[in-house]
Amino acid sequence: MCTATWLSRNGSLHLFFNRDEQRSREAAVGPGLHESEGVRFLAPSDGRAGGTWIAVTELGLALALLNRSEGSAPSRPGSRGRLIPRLAAAPGPDDFASRLLREPLRDLSPFRLVALWADSKSGALATWDGDRLRLDKLEAQIGILCSSGLGDERAEEERGRVWREHRAATEDWGPSAHRAFHRSHDPEPTAWSVCMHRSEAETMSFAEVEIDATTGVLSYVAGAPCAGGRPVELRLPRATPVGTR
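Each residue of the sequence shown is one higher than the one before, starting from 31 at the first, in this note's numbering.
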């Protein structure tokens, strides 16, 4: 249950993410510095299974993982959050695809994984339905993806409508408009609002990635974005891919 949006503007890539979870789930660990195959990345950590749902790497890559309601789950599923750390060293879409195709996905429940590079006009969307992996190009200019344990299709419909309404009503659609969208309860706070609230689950955190020519930044707010919590911000200097250093 999540909402991801992104925007490329004025030489910077922005990725925004509402993480929706059961209220009973263990609290996440705030963002920290991690390393995979010598590549450093910033990411929060899941409080139950480890791994993460969003990251920014020193190679200019932003990754975001959404659960998928359609498809078949294994009887004893593993952690989908393990994928991002294993893919964090990918310098571009081709290497990302090769790495993902080598992953043992059969023990994972369905998911969608967004990969966006600051220096590329297109990203990648990986979709796993429990049986087959599909890889598609992703427009990096602007976009939205939604998921919900109650049904991805309705989440896309309800939140997509609010997305279009907000964009139509906003003359200068930039990062601040994205942040306002992720705080939105339009038309009211429900299971389908972008900032989601229902009896057993709600939006548990908001994360924002920004990557420019020199730096990757991860800003993280614990709790629903409508609550106005104080963000924790970490910065990571950009680096050259190992093969070109």
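Note that beta-carbon positions come from the ideal geometry of N, C-alpha and C, so glycine has one too. It should be emphasised that the depicted structure is a prediction, and the values quoted were computed from it without experimental measurement.
Backbone secondary structure at residue i - three-state DSSP
i: residue 130; result: helix
i: residue 150; result: coil
i: residue 212; result: helix
i: residue 206; result: helix
i: residue 219; result: coil
i: residue 275; result: Because the pLDDT of residue 275 is 41, which lies under 50, any placement of that residue in the model is unreliable, and the number read from its coordinates should be weighed accordingly. The answer is coil: DSSP assigns residue 275 none of H, G, I, E or B.
i: residue 242; result: coil
i: residue 268; result: coil
i: residue 55; result: coil
i: residue 100; result: coil
i: residue 257; result: helix
i: residue 137; result: coil
i: residue 228; result: strand
Assumed close pair residue i, residue j - CB separation to whole angstroms, cut-off 8 Å
i: residue 109; j: residue 90; result: About 26 Å separates the two Cβ atoms, so there is no contact after all.
i: residue 106; j: residue 133; result: With a Cβ gap of about 17 Å, residue 106 and residue 133 do not count as contacting.
i: residue 83; j: residue 129; result: Not really, about 18 Å apart at Cβ, beyond 8 Å.
i: residue 161; j: residue 102; result: 6 Å
i: residue 88; j: residue 269; result: 4 Å
i: residue 231; j: residue 248; result: No, residue 231 and residue 248 are not in contact; Cβ-Cβ is about 24 Å, not under 8 Å.
i: residue 219; j: residue 212; result: Their Cβ separation, rounded to whole angstroms, is 13 Å, which puts residue 219 and residue 212 out of contact at 8 Å.
i: residue 39; j: residue 173; result: With 8 Å as the limit, residue 39 and residue 173 do not qualify as a contact, their Cβ atoms being about 13 Å apart.
Of the listed residues the options, nearest to residue i (C-alpha basis)
i: residue 251; options: 201, 78 and 61; result: 61
i: residue 78; options: 58, 147 and 70; result: 58
i: residue 264; options: 107, 186 and 74; result: 74
i: residue 33; options: 244, 144 and 153; result: 144
i: residue 256; options: 193, 269 and 225; result: 225
i: residue 94; options: 132, 105 and 118; result: 118
i: residue 233; options: 253, 155 and 210; result: 253
i: residue 63; options: 188, 246 and 261; result: 246
i: residue 135; options: 151, 111 and 148; result: 111
i: residue 158; options: 98, 260 and 104; result: 98
i: residue 151; options: 168, 139, 137 and 163; result: 168
i: residue 180; options: 40, 46, 165 and 100; result: 100
i: residue 131; options: 139, 165, 147 and 137; result: 165
i: residue 127; options: 76, 153, 69 and 187; result: 153
i: residue 260; options: 174, 72, 175 and 235; result: 235
i: residue 148; options: 121, 125 and 138; result: 121
i: residue 221; options: 137, 114, 69 and 187; result: 187
i: residue 262; options: 72, 113, 53 and 65; result: 72
i: residue 192; options: 217, 178 and 184; result: 217
i: residue 258; options: 114, 210 and 138; result: 210
i: residue 53; options: 114, 31, 65 and 70; result: 31
i: residue 163; options: 178, 184 and 139; result: 139
Straight-line Cα distance separating residue j from residue i
i: residue 85; j: residue 44; result: 12 Å
i: residue 36; j: residue 242; result: 14 Å
i: residue 141; j: residue 96; result: 6 Å
i: residue 42; j: residue 190; result: 24 Å
i: residue 155; j: residue 267; result: 25 Å
i: residue 56; j: residue 123; result: 33 Å
i: residue 202; j: residue 215; result: 21 Å
i: residue 47; j: residue 208; result: 10 Å
i: residue 196; j: residue 240; result: 21 Å
i: residue 200; j: residue 137; result: 43 Å
Within-8 Å CB hit, residue i to chain B
i: residue 248; result: Chain labels in this structure do not include chain B; a single protein chain is all it has.
Extent of the continuous alpha helix (DSSP H) run through residue i
i: residue 36; result: Residue 36 -> not in any alpha helix (DSSP H); beta strand (DSSP E) instead, spanning 32-39.
i: residue 22; result: Because residue 22 is not part of the residues shown, which for the chain are 31 to 275, the question remains open.
i: residue 113; result: 113-117
Beta strand (DSSP E) segment containing residue i, residue limits
i: residue 60; result: 59-66
i: residue 246; result: 245-252
i: residue 176; result: 172-177
i: residue 87; result: 84-87
i: residue 69; result: 69-75
i: residue 169; result: 163-169
Distance cut-off 7 Å: residue i Cβ against heavy atoms of the ligand ATP
i: residue 96; result: Inclusion of the ligand ATP in the displayed structure is not the case, the ligand content being empty and no account of it being possible.
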